[in-house]
Amino acid sequence: MKHIAFLLFFISTVTLQAQEAKWHTDFDKAKKVAQRQGKPIVMYFTGSDWCGPCKMLKKDLWETDEFIQQADDFVLLEVDIPFREDIISPEQKKKNMKLQDKYNKDKSFPTVLLLDSNGRRKDEVSGYSMLRDTAPYYAFFNKARRSR
């Protein structure tokens, strides 16, 4: 009986882990993966601890089964700009600030960019309203897939 309970626990844990999208946090590594796999990069600028619309978008889009099923079409890169200093390392924050200076000069959050595998900007969608309408983001992903 213990073995069956363990097996069920193991299977449910593996299933839950399989239902998460793989997010990179290092731009150079994400770019190498994108080049190797021939996929575009989805670069997501978030303020994980202070940006209300970013928190809503995480729940309404990034954590949904619908998005997770599409996530393999892209290399995902999260660029977090938190206020709290215990969320990311100082080194990572420095890297993220450089990416913000290059790719998100308006400092708009949330912002999602589509980059080619060499890091060149192709498209962008930003903002998220209290209406919680994810349709512009799905249209963005669909357009990105068609243009590949």
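The sequence shown maps to residues 8 to 155 in the working numbering.
Using N, Cα and C, we set each Cβ at its ideal position, and we do this for glycine too.
- Message: If I measure Cβ to Cβ from residue 132 and keep anything under 7 angstroms in the same chain, skipping five residues before and after, which residues do I get?
- Response: Contacts found: 119, 143, 144 and 147.
- Beta-carbon separation of residue 136 and residue 87 under 7 angstroms? no
- Message: Looking at residue 90: is its Cβ nearer than 7 angstroms to the Cβ of residue 46?
- Response: Residue 90 places its beta carbon 7 angstroms or farther from that of residue 46.
- Would a C-beta distance cut-off of 7 angstroms place residue 124 and residue 37 closer than the cut-off? With contacts defined by Cβ atoms closer than 7 angstroms, residue 124 and residue 37 do not form a contacting pair.
- Message: Within 10 Å of its beta-carbon, does residue 117 have 16 or more other beta-carbons around it, so buried, or fewer, so exposed?
- Response: With 16 or more other Cβ atoms within 10 Å, it is buried.
- Item | Buried or exposed (CB count within 10 angstroms, at least 16 for buried), residue 57 | So residue 57 counts as exposed.
- For the region 86-139, list the beta strand (DSSP E) runs that are entirely contained and at least 3 residues long, ordered along the chain. 118-122 and 128-133
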